[in-house]
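No gaps in the numbering here: position 104 of the sequence shown is 104 in full-length UniProt numbering, and each next residue is one more. The C-beta atom is built at its ideal place from N, Cα and C for all residues, glycine as well. Here the structure comes first, spelled out in C-alpha cells, and everything after it is commentary.
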Amino acid sequence: MSGIKGPGSAKDPGLESTPGMDPFADTLQRLREAFSSGRTRSAEFRAAQLNGLSRFLRENKQLLQETLARDLHKAAFHSDISELILCQNEVDLALRSLHTWMKDEPVAKNLVTQLDSAFIRKEPFGLVLILTPWNYPLNLSLVPLVGALAAGNCVVLKPSEMSKCAERVLAEVLPRYLDQSCFAVVLGGPEKTGKLLEHEFDYIFFTGSSRVGKIVMAAAAKHLTPVTLELGGKNPCYVDDNCDPQTVANRVAFFRCFNAGQTCVAPDYVLCSPEMQARLVPALQSAITRFYGNDPQSSQDLGRIINEKHFQRLRDLLSCGRVVIGGQSDESDLYIAPTVLVDVQETEPVMQEEIFGPILPIVNVRSLGQAIDFINRREKPLALYVFSKSSQVVNQMLDRTSSGNFAGNEGFTYLTLTSLPFSGVGKSGMGRYHGKFSFDTFSHHRACLLSHSGLEMLKNIRYPPYSDCRQKLLTWALGSHSCNLL
Ligand code: NAD
Numbered sequence: 001m002s003g004i005k006g007p008g009s010a011k012d013p014g015l016e017s018t019p020g021m022d023p024f025a026d027t028l029q030r031l032r033e034a035f036s037s038g039r040t041r042s043a044e045f046r047a048a049q050l051n052g053l054s055r056f057l058r059e060n061k062q063l064l065q066e067t068l069a070r071d072l073h074k075a076a077f078h079s080d081i082s083e084l085i086l087c088q089n090e091v092d093l094a095l096r097s098l099h100t101w102m103k104d105e106p107v108a109k110n111l112v113t114q115l116d117s118a119f120i121r122k123e124p125f126g127l128v129l130i131l132t133p134w135n136y137p138l139n140l141s142l143v144p145l146v147g148a149l150a151a152g153n154c155v156v157l158k159p160s161e162m163s164k165c166a167e168r169v170l171a172e173v174l175p176r177y178l179d180q181s182c183f184a185v186v187l188g189g190p191e192k193t194g195k196l197l198e199h200e201f202d203y204i205f206f207t208g209s210s211r212v213g214k215i216v217m218a219a220a221a222k223h224l225t226p227v228t229l230e231l232g233g234k235n236p237c238y239v240d241d242n243c244d245p246q247t248v249a250n251r252v253a254f255f256r257c258f259n260a261g262q263t264c265v266a267p268d269y270v271l272c273s274p275e276m277q278a279r280l281v282p283a284l285q286s287a288i289t290r291f292y293g294n295d296p297q298s299s300q301d302l303g304r305i306i307n308e309k310h311f312q313r314l315r316d317l318l319s320c321g322r323v324v325i326g327g328q329s330d331e332s333d334l335y336i337a338p339t340v341l342v343d344v345q346e347t348e349p350v351m352q353e354e355i356f357g358p359i360l361p362i363v364n365v366r367s368l369g370q371a372i373d374f375i376n377r378r379e380k381p382l383a384l385y386v387f388s389k390s391s392q393v394v395n396q397m398l399d400r401t402s403s404g405n406f407a408g409n410e411g412f413t414y415l416t417l418t419s420l421p422f423s424g425v426g427k428s429g430m431g432r433y434h435g436k437f438s439f440d441t442f443s444h445h446r447a448c449l450l451s452h453s454g455l456e457m458l459k460n461i462r463y464p465p466y467s468d469c470r471q472k473l474l475t476w477a478l479g480s481h482s483c484n485l486l
C-alpha cells in the first residue's frame, strides 16, 4: 500500500508511479482550497467531523481490536484501555467543550485600552500534517486528529508503515467518516515521507523517534513551519529503600511489559540500591508469573514485537549485564520474554538506547542524591518515576529533576487524564497535547484589540509633542499598576 487515499486517489491511479510527478501535489492543493473556502471554521463543521470520528470508533470497535491484535498481539481489553477508550474520551470532551474552547478569550487591559476590546481569538492554522508511529497506531493518530479537527484545520495524516493493519484501516475506513475534501491519509515509508515533508504545511505534529524528529524539524525549518515533537528516550524509575518491594514490582512490571514494553513512557530502567535490588528481583519474578503465568509466551495479555528488525535489536540487548529473570526469545513468534537484567554497565547498549521492549535493566545507586545526579547527567526524559513511602523522597525527585511527565508510586496512568498536558522536554520533545491542550496546540492564538473609530480626543494624549504633563500621564496610564483583572 502506498500513495494517497482520499478523494482523487481513484481518479489518479497512475499518478504515483509516473516518474517525476509529485504524488502529493493534487491532494494538498485540494485541502488548501477547502481551508481557504472557510468551510472548516464553523463550530457545526468541526462538530460534524468529531461526530464522524466518534462513529468510526463505535461502529468499527471489533475491527479496530482485531487490527491491533494482528499488528501487535494486543488483547482486546488492552486495546480498549490504551487506545480506543482514550480516543473516545478525547472526542467526547472536544464535542462537549467545543463552543467554550472556540470562544474569544477576553484579557486584562490597561488604562490606555480601557474603552477597547482586547481578546485572544483561537484560529485554525490551516493545513496540518500529523505523522505517527506504530506502537499505539490508533491512539497516536486519532488523539492529535481530534485536536486538529476541533481547531478547524484541514489535516493530512501519515500513519506508520510498520503497523500495517492499522495503516490500512486508517487509510480505507476512517476517511469514510470524515469530510474528504478537508482530510486525507497519506501512506509511505521514510523516503516518501521525506518527499511529503518538502511541501509546506501550516503546522506539523510529529510523534516518533528523536532521530526522525530532527529530520522533521529540519524540513519544517525550511518553511518556518511550527512543530510539535512528541519523542522518546530513556525513562528512569527510582526505587527508594523505603517501599514495599512487591507493590513496586507489580507496578513496574505491569507498566514495563504493557504492549510488550513498546511504550514511549514505559519505565526504561530501574535505579536502586543493591539491597533493594535483592528484594526487588524475586518480587518482579513473582509479579511477572502472576500476570503472565509460568510460560509468558502463551499468555493472551503479553504483546509481541512489531517486526524482525526490532526483535533482533532487542535480542542483542539481552546480552547486556546478567539475566536474572526471563531472557528467552522466539524469532518465529517475535516473542521476547519479560526480562530483568542486573550488573548492567552505563556504557552498555541497553543503557545507551531507548529499550522499547519488555526488558528492564537495574542499575545500582547508593542514595537518592546519586540517583538524581545519574538522571540529571542524561537528557531530560519523557517520563520519570519514583517509588517511595516517603513523600519527601518523591518531592525531592520532583523538585530536583526535569521530565516531560512525572509519576510518584505509579506508572503512566496520567495518560488517562485529558486534564493533564502530555509533552516532552529538552530532547524528549516540545509542545503539548491531550484535551484542551490539543485544541490550543492546533490553534493560533491571535492577539486582537478592537478600538473605537471615534473618541479621538481621548487618544490625542499619545501624540507628540510631549509636554511634561503628557509624559507623566501616559507613563502612568501604561504602567502595570493600571492593568485591571477580568
Ligand atoms: P519513527 O521515528 O521511526 O517513525 C515515526 C514516523 O516517521 C512514521 O510515520 C515513519 O514513517 C516516519 N519516518 C520514519 N523515518 C523517516 C524519515 N527518514 N523521514 C521522514 N519520516 C520518517 O518512530 P517509530 O519507530 O514509528 O516509533 C517509535 C519511537 O517513537 C520511539 O522512539 C518512541 O519513544 C517514540 N514515541 C513517542 C511517543 C510520544 O508520545 N512521545 C509515542 C509513541 C512513540
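Cβ separation of residue i and residue j, assumed to be a contact under 8 angstroms, to the nearest whole Å
| i | j | result |
| --- | --- | --- |
| Q65 | S79 | 5 angstroms |
| L334 | I288 | With 8 angstroms as the limit, L334 and I288 do not qualify as a contact, their Cβ atoms being about 19 angstroms apart. |
| I230 | G357 | Residue 230 is actually Glu in this sequence, not Ile. That pair is no contact at about 20 angstroms. |
| L368 | N405 | L368 to N405, Cβ: 20 angstroms. No contact. |
| R46 | L149 | 6 angstroms |
| D241 | S286 | Actually they are not in contact, since the Cβ atoms of D241 and S286 sit about 19 angstroms apart, beyond 8 angstroms. |
| G321 | P361 | 6 angstroms |
| A166 | P190 | In fact, because the Cβ distance is near 18 angstroms, the residues do not count as touching under 8 angstroms. |
| T401 | N376 | 6 angstroms |
| N153 | P175 | Actually they are not in contact, since the Cβ atoms of N153 and P175 sit about 16 angstroms apart, beyond 8 angstroms. |
| V227 | F412 | Rounded, the Cβ-Cβ distance is 24 angstroms, inconsistent with contact. |
| R279 | P236 | That pair is no contact at about 19 angstroms. |
Euclidean distance between Cα positions of residue i and residue j
| i | j | result |
| --- | --- | --- |
| E16 | I215 | Low confidence applies to E16: its pLDDT is 44, below 50, so where it sits in the model is not reliable, and the reading given next is rough at best. For E16 and I215, the distance between alpha carbons rounds to 23 angstroms. |
| R251 | T100 | 38 angstroms |
| F183 | H310 | 32 angstroms |
| Q300 | D71 | 14 angstroms |
| L115 | S438 | 33 angstroms |
| A249 | G233 | 22 angstroms |
| N135 | S480 | 49 angstroms |
| W476 | G426 | 40 angstroms |
| V185 | D343 | 46 angstroms |
| I325 | F24 | 49 angstroms |
| L28 | H199 | 9 angstroms |
| V350 | R121 | 47 angstroms |
| S9 | K158 | Residue placement at S9 is poorly supported in this model, since its pLDDT is 39, which falls under 50; the coordinates still yield a value, given next. Each residue's alpha carbon lies about 15 angstroms from the other. |
| G261 | L170 | 24 angstroms |
| R470 | V112 | 13 angstroms |
| F374 | H452 | 59 angstroms |
| D468 | M457 | 19 angstroms |
| Y203 | L417 | 25 angstroms |
| L63 | A76 | 10 angstroms |
| D295 | L284 | 15 angstroms |
| G52 | R211 | 34 angstroms |
| residue 487 | E331 | For the chain, the structure presents residues 1 to 486; residue 487 sits outside this window and is missing. |
| L478 | R462 | 11 angstroms |
Below-8 angstroms beta-carbon distance, residue i vs any chain B residue
| i | result |
| --- | --- |
| A371 | Among the chains of the structure shown, chain B does not appear; only one protein chain is present. |
Three-way DSSP call (helix, strand, coil) for residue i in this model
| i | result |
| --- | --- |
| Y385 | strand |
| T225 | coil |
| G3 | Its pLDDT being 43, under 50, G3 is placed unreliably in this model, and the value from its coordinates should be taken loosely. Of the three classes helix, strand and coil, the one that applies to G3 here is strand, per DSSP. |
| A260 | helix |
| C483 | coil |
| K158 | strand |
| Y177 | helix |
| Y463 | coil |
| E200 | coil |
| S286 | helix |
| G429 | strand |
| I375 | helix |
| R322 | strand |
| L149 | helix |
| I81 | helix |
| I355 | coil |
| residue 490 | Lying outside 1 to 486, the shown extent of the chain, residue 490 is not represented and no answer is given. |
| A184 | strand |
| R304 | coil |
DSSP beta-bridge partners of residue i
| i | result |
| --- | --- |
| P236 | Y269 |
| N135 | Answer is none; N135 lacks a bridge partner. |
| I336 | S329 |
| F205 | I130, T228 |
| F406 | L384 |
| N364 | C272 |
| E105 | I120 |
| A447 | I120 |
| residue 487 | Summary: the structure shown does not reach residue 487, with the chain confined to residues 1 through 486, and so no result is reported for it. |
| F422 | Y433 |
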